[in-house]
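Q: Using the working numbering, the first residue of the sequence shown is number 11, and each one after it goes up by one.
Ideal placement from N, C-alpha and C gives every residue a C-beta, glycine not left out.
Could you have a look at this structure, given as structure tokens, before my questions?
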Amino acid sequence: MAEVYTNNFEMHKCACYHLMIMQTIMTDTERCELDEVLLYLHCLIARDMYDRT
């Protein structure tokens, strides 16, 4: 069943959490690529938090 998110901040935060969990079972190459995605998500979260103020 698909999860429903009320806003982008909640979605980005949840995606970031799931990706961090996935890091524990990945190879070094996959982890390196995932780090780039996590950095992007952290930037989106920071932007969403800034937009809320």
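My output table needs one value for M36: the three-state DSSP class, helix, strand or coil.
A: Mapped onto the sequence shown, residue 36 falls at position 26. Looking at M36 - three-state DSSP - the assignment turns out to be coil, as it is neither helix nor strand.
Q: Please report the distance separating the alpha-carbon of M59 from that of V47.
A: Looking up residue 59 in the sequence shown gives position 49. Looking up residue 47 in the sequence shown gives position 37. In a straight line, the C-alpha of M59 is about 18 angstroms away from that of V47.
Q: Taking C-alpha atoms, which residue in I55, R57, C26 and F19 lies nearest to D45?
A: Along the sequence shown, read from residue 1 onward, the residue named residue 45 stands at position 35. The shortest Cα separation from D45 among I55, R57, C26 and F19 belongs to C26.
Q: Should H22 and I55 be called a contact, given that it needs their Cβ atoms to be closer than 8 angstroms?
A: Position 12 of the sequence shown, counted from the first residue, corresponds to residue 22. Position 45 of the sequence shown, counted from the first residue, corresponds to residue 55. Yes, Cβ-Cβ distance for H22 and I55 is below 8 angstroms.
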